[in-house]
Every structure is written in C-alpha cells, then in structure tokens.
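Report on the following structure.
Numbering (the UniProt record's numbering), first residue to last: 1 to 651.
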C-alpha cells in the first residue's frame, strides 16, 4: 500500500526559506571571526577595498536573513548569475595564462588533438554558462549575447592571433563585463532602495501598533529562525569534529571522548552568533528529551493531549545568560573548554529537574488511580531511578575536576535537591501502591505521606542552609566579592527564607484542618446503618465517619484533604467552624437545659390559663382570674422572647 503524503505550499515555502537563509548565518559567523585590521602587509588601496567588502558582507547577510521569500529568490538569482560571470572570467583567465605559458604557434591547435579539445572545451563551457545566465535572468532579446564576452579570447585563438593579442582581448572582455555589471546595478539601484524603504515602513508600522517584542517574536516564528540556528550549529559542530579529527590535538585526545566533545562545543560558541545558535540547539535538545520523557511514560496519546511547545526553552535561556555573564566568547579555547563543562552541568541539572517536574504527577497518578498496567509502572520506576542516581554521578564527576568552593556548591546543590525529590516521590508512590494492595483503606496514609514530604522539604532546607553557611564562611574568612555577596543574599532569600515560609504556612493549614476535623462528632453505627451511603469524596464505604454541623457524613481523612483547600462543606459549602473547648461546650448544654425548662414552664402556664377561663362561678373570683391571666400571658410572652434569643445564640 502506497502512502500518499500531501505537502502544502506553505510547508514547501518554509523549507525553502530556511535553506536560503542559513548562508546568512554562515556569513555572519565568518564576519565575527575575521577582521580587516589583521591585514598589515597590504597596500592602502587594497586594505580599503577589503574593508568595504568586509562591511558590505554584513549588510548582505542581513538582507539574506530579513528579505521576503520572493525578493530573497531574486537576490539569489542575481548572486548566482554574478558568480557564473566570475566563473567565466576565471576560465578565460586560465585559458589566457595557458596560452602565454606555452608560447606556441597560434594555429598549432589544428594539428594537435589535445589542444583542439582544450579550445573546444573552453568554448563550450563559456557558451553553456552564458546560456544559463540568460535563463536565470530571463533574457530573451539580443542583449543575451553580451554574456558571451569571454568567448572572444577563445575566438581570437581560433583565428590564429598571437598570445599577447589574446591577453588583450581577455582584458577587453573583463572591462566590458565590469561596465555591464555596473550598469545593471546602477539600473536596479532605485528598485533596491524602494524595496528597503517599503520593508522599513512596514516594520515601523508594526512596531508602532504592536511593540518591539511582539514583532520580534512574530518574525522569529514566521522566518523559523530557531530552525535556522539549529541547522547552522549542527553543521558547524560536524565540521569542527571533522577538522578536529583531521588535524588532531594529542593533549585533548588523551583526556577521552568527553573532553573532545567539550572542546568542539567550546569552539562552536566563539562568536555571539554561534553562542545564540548553541543556546537554541540546547533548547531544542531539551524539548526533545522532555517530550520523549512524556511519551516514554504515557505513550503517544499523552503527548498529543499535552504538547507544550515552550518546554525546554528554560535550559537554553539559562545557557545564554550564564555564557554572556561569564564572557565565554572572549576566553581562550582551553579556558572555554573547561568553562563549557560547568555550563553543560548547569544545563543538564536544569534538564533533570524539568524531567522530574514532568514525570512526578504521572508517577503519582499511576499509583493513586490503581493502574494495573505493569509496564507503565516499570517505566516510571526506571525513570525515577535514573533521576535520583544520575545527578549524584554528575556531582561526583565534576568534583573530580574542580575544587569545592561556594560557586561549585551552588551549582551541585540543584542536582542534590533533585535526588531528594525523586526519592521522596518514589517513597510516596510506594505508599500508594501499598495502600492499593490492602483490603481496607489505610487511615494513616495521609499522615505518612505528609511526613514523607515534610522530610524531603527538611532535607531541601538543610541543603540550602548549608550552602548559605558555606558562603558566609568564605565571605568572612576567604576572599570577599560583591558578586558572591549578591548571590548569597539571593540564595538566602529564595532557597532558605521562602522555603521556611512556605513550609510553615503548610504546617499551619494542616494543623487548622486537623483541628476542624477533630472538633466534629464521630458518627455512630446506627447513623451509618441508617445512612447506608458512600463517602461523597472518595465514593468508598464508610465504616467510620465524621458528621459536619450541616449533617453530612465524610471519611475523616477525605474531609481533612478537602479542608486543606477550602474551609467549607464539600456538599452544601457551609463553613465548617472549629468548635470551642469543653467550658464552652458545657455552657451550650446549660443553655439548652434552660431552654427546655422554659418550654416546660410555658406548657404549665398554658394549662393554668385554660383552667382559669373555665371557672366563672363568682364575679370576684373572675376578676381575680382575669388579672392572673393577664399576668400569666405577659410572663409567657417574655419567656418566649427569651427562648427565641437563646435559640438564636445556640444556633
């Protein structure tokens, strides 16, 4: 079965645009690596011409990078045509030099077959090249014959002219071609200026309407600059590896394969262009690693449901920022090699941490959801084993090459923290698996998980505190510097103070949730039997439950987890208050007893009122009873008002 792949026009244009713009990066890289100031043994006029060409090449690189695709194709056509004209000149120059060196008779080629072949080959080459130039420039009128100017020296040879005349004809063809090119450039100069003016006007309008940052981001995505930099750096990396193996450096080769890679990577970031390309390459590499991590754990479906295109750019940005801060491009090759080892350690540590952030919720979801796919569990455990072992290996390796100081301790602390976090996640995962294998749910599971995670947080805090103490020791006893002090302050605030503040807030929230749950009454067996329902949070049967003030039943553990987030009932959203201590509880009981006594007194007064109305034997007794009834009714109304007030207070 043949697969039919439909390629859209936009995709083809994007690929062509990327291919045509990569030479601009090569020109920019060469521009940074060379300088006309190094030409000290050249005449002034030659130095001036080379300097002009040097700066014009930068503008040409900018044109290749920024022109629209249509104009870019035209620019390549004219550039290729100019290159073919130079090729014709070079072939004519070789032909004339051969004639001058032979000093033979002009008609000798008629009797010498090899000479005849040489003359015909030059003639055919000049005609084919001129025809191809006319095809590129779409010239169909008589002016196409002017590109046969370099055929004239060959024709002079065929006509039997001497060598000096042939050389003169070649010089005439060269001058004629230069004048032709100058006339063509001058004729199209107005079109070039108009194109540049239109592009600048559109750029100004876009910046005025949207701002610089959106325009730069839109241009980056439209021109696929990231892909260009990636391909450019990979091409440069492969080229440098070939040159390195071809030339060889016995000192670095003896250090092993890793040192060779570091040396080549260090050489591929000697200019701002190559350093930017390296950072983009690191970003794409990190994106592929993180995406593979997600596919490895969840399969292709998990990747399609959550495809974060910005994943991995943190590592590239970190690489670029630290490289500029340390002046990587200004260092010597051997210094750049050793600094690159530290930079790559930082980037890999950040990548390992990002892998942990991607994998941690997937691991916990496997255990909490009671997933029975053994291969998914095996892959997750295997990945987390790598996540806690590999940072330790990197830390051990880098400590073999460098002496431990404050900066190195700050760098390796990230990998150590990732190790603790991965071990903590594996422990929590194991607890969930153990709970799923039990017949009954583990009531203390939430507490054990909390203490496990709290232990990991304590280790993180201790590591950060140790780094701060080590930095203070170096600042007070060793060499003091402003940068070290600034890093120490930032590290102390974010990694010590903020961790301590976050941990304390978590502890207070948990303590409040526990106090709320413990203040609620425990459901009796009669209540649970009459309810005959499941927990509304976990949908499991309830052998024990807590009863809220709104008369809803929940597992104590489930309700506590809910109260970590909200302080209301999960069913009716009524606020769950913490009940008072025993004295207040006693007060409430006294108030309830007093309400009950008032209600009994109310019934007695009502009975006495009924009895007084039925007694009408004498007027004197009737008047006395009426007065008593009025007094009784007043007392009843007062007692009912007091009863209502107490009930409101109790509620």
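Glycine residues also receive a C-beta, built at the ideal position from the N, C-alpha and C atoms.
Small disclaimer: the values here were computed from a predicted structure and weren't measured.
Annotated three-state conformation of residue 543 is coil, per DSSP. Cβ-Cβ distances below 7 Å link residue 192 to nothing in the same chain once the five nearest sequence neighbours on each side are left out. Proximity of the region 254-268 to the region 335-346 meets the contact definition, three or more beta-carbon pairs being nearer than 8 Å. In the three-state reduction of the DSSP assignment, residue 193 falls in the helix class. Exclusion of the five residues before and after residue 442 leaves 435 as the residues of its chain whose Cβ lies within less than 6 Å of its Cβ. Annotated three-state conformation of residue 222 is helix, per DSSP. Excluding sequence positions up to five before and after residue 348, its CB lies within less than 8 Å of the CB of 394, all in the same chain and listed in chain order. Distance from the Cα of residue 281 is smallest, within the candidate group 292, 268 and 293, for 268.
Using a 10 angstroms sphere on the CB of residue 562, the tally of other CB atoms reaches 16 or more, which defines it as buried. Here DSSP, grouped into helix, strand and coil, assigns residue 575 to strand.
For residue 165, the enclosing alpha helix (DSSP H) has its first and last residue at 163-187.
Its chain contains 346, 347 and 350 as the residues whose beta carbon lies nearer than 7 Å to that of residue 318, once the 5 sequence neighbours on both sides are disregarded; these appear in chain order. In this structure, the alpha-carbon of residue 571 lies about 11 Å from that of residue 559.
DSSP places residue 446 inside the alpha helix (DSSP H), whose first and last residues are 445-477. Beyond the five residues adjoining it in sequence on each side, residue 85 comes within less than 8 Å, by CB distance, of 133, 147, 177 and 181 in the same chain, given in chain order.
Straight through space, the alpha carbons of residue 137 and residue 79 are spaced by roughly 11 Å.
Per DSSP, the beta bridge partners of residue 534 are 541. Counted as a single uninterrupted DSSP element, the stretch harbouring residue 496 is not any alpha helix (DSSP H), since DSSP gives it neither H nor E. Boundaries of the alpha helix (DSSP H) harbouring residue 10: 9-33, taken from the DSSP string.
Contact annotation: residue 427 and residue 392 have beta-carbon atoms that are not nearer than 7 Å. Between the C-alpha atoms of residue 291 and residue 412 there is a straight-line separation of about 25 Å. Residue 274 holds the alpha-carbon nearest to the alpha-carbon of residue 237 among 257, 219 and 274. Two segments are said to touch when three or more pairs of C-beta atoms, one from each, lie closer than 8 Å; by this definition the region 293-300 touches the region 353-360. The Cβ atoms of residue 100 and residue 173 lie no closer than 7 Å to each other. Rounded to whole angstroms, residue 27 and residue 114 show a C-alpha spacing of 41 Å. Secondary structure of residue 271 (DSSP, three-state): coil. For residue 531 and residue 299, the gap between their C-alpha atoms comes out near 43 Å. Between residue 470 and residue 409 the beta-carbon gap is near 6 Å, inside 8 Å, which marks them as a contact. Each of 170, 227 and 390 was checked against the Cα of residue 93, and the nearest Cα belongs to 170. Taking a C-beta distance under 7 Å as the contact criterion, residue 556 and residue 546 qualify as a contact pair. Under the DSSP definition of a beta bridge, residue 554 partners with 546.
Rounded to whole angstroms, residue 364 and residue 430 show a C-alpha spacing of 10 Å. Its chain contains no residue whose beta carbon lies nearer than 6 Å to that of residue 245 once the 5 sequence neighbours on both sides are disregarded. By the 16-neighbour rule on beta-carbons within 10 angstroms, residue 486 is exposed.
According to DSSP, residue pairing for residue 568 in a beta bridge involves 575. With distances taken between CA atoms, residue 544 lies nearest to 440 out of 440, 218 and 22.
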